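Reading through the structure tokens given below for one structure.
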Amino acid sequence: MDLLEIKTAGDPVLKTICTPVEKIDKRLRNLLDKMAETMYAHEGVGIAAPQVGISIRAAVVDVDRKTRYDLINPVITAREGSIIDNEGCLSCPDLFGDVERAEKIRVEFINRFGKKKTLEADGLLARCIQHELDHLDGKLFIDIAKNITKGKKNSES
7 MDLLEIKTAG DPVLKTICTP VEKIDKRLRN LLDKMAETMY AHEGVGIAAP
57 QVGISIRAAV VDVDRKTRYD LINPVITARE GSIIDNEGCL SCPDLFGDVE
107 RAEKIRVEFI NRFGKKKTLE ADGLLARCIQ HELDHLDGKL FIDIAKNITK
157 GKKNSES
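Position one of the sequence shown corresponds to residue 7 (our numbering), numbered consecutively onward.
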């Protein structure tokens, strides 16, 4: 396995607004695959390109270990409802916090083969997509969390 280094809070790349992907090619697909390997190895459910030091608008999400979404130039086009839940982040090890997010979203993106797609998501998938898209805009969950705890999720305390 060729894992990528995960950048942690304090690294300037995590505060950068990422540039759109202009070319979908084998190099980008290889990056998405390495991002996914890194995410799975660290037991994550999502990872964005800036988390591995690359400031482009791309993310990988897989909340059930069955359906992986490679999101290139993603844009949330609809939000519905609101829910507060506990989140963590590969770039903020051992930190957790309650974050308010939309319950349901619609996201438009380009997949790894250059096809435009639309995905309607709710629950953990919606939360994860919103979290990863925040990374593409230079935001970490700790920037918007209502509280921060160290060591374990609030729901487990």
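Here a beta-carbon is modelled for each residue, glycine too, at the ideal position from N, C-alpha and C. Only a predicted model underlies this, so the values are computations on that prediction, with no experimental measurement involved.
Original post:
Would DSSP call Ala54 helix, strand or coil?
Top reply: If you number the sequence shown from 1, residue 54 lands on position 48. In this structure, Ala54 counts as strand in the three-state DSSP scheme.
Original post:
Bridge partners of Val113, per DSSP?
Top reply: The count along the sequence shown starts at 1 and reaches residue 113 at position 107. Its beta-bridge partners are Ile82, Leu125.
Original post:
Are the beta-carbon atoms belonging to Leu20 and Gly144 less than 8 Å from one another?
Top reply: Here residue 20 corresponds to residue number 14 of the sequence shown, with the count starting at 1. Here residue 144 corresponds to residue number 138 of the sequence shown, with the count starting at 1. Taking 8 Å as the Cβ cut-off, Leu20 and Gly144 qualify as a contacting pair.
**OP:** Determine the DSSP secondary structure at Arg63, reduced to helix, strand or coil.
**Re:** The residue you call residue 63 lines up with position 57 of the sequence shown. In this structure, Arg63 counts as coil in the three-state DSSP scheme.
Original post:
At a cut of 8 Å, does the segment 77 to 85 reach the segment 106 to 115 through at least three beta carbon pairs?
Top reply: yes
Original post:
So, is Glu106 buried or exposed, given that buried needs 16 or more other C-beta atoms within 10 angstroms?
Top reply: Sequence index remark: in the sequence shown, residue 106 carries index 100 (1-based). The residue in question, Glu106, is exposed, as its Cβ has fewer than 16 Cβ neighbours within 10 Å.
Original post:
Of the choices Asp140, Ser88, Leu146, whose alpha-carbon is the least far from that of Asp128?
Top reply: By one-based count along the sequence shown, residue 128 stands at place 122. When each option's Cα is compared against that of Asp128, the closest is Ser88.
Original post:
Do Val58 and Leu131 have their C-beta atoms closer together than 8 Å?
Top reply: If you number the sequence shown from 1, residue 58 lands on position 52. If you number the sequence shown from 1, residue 131 lands on position 125. No, the pair does not count as a contact, with Cβ atoms beyond the cut-off.
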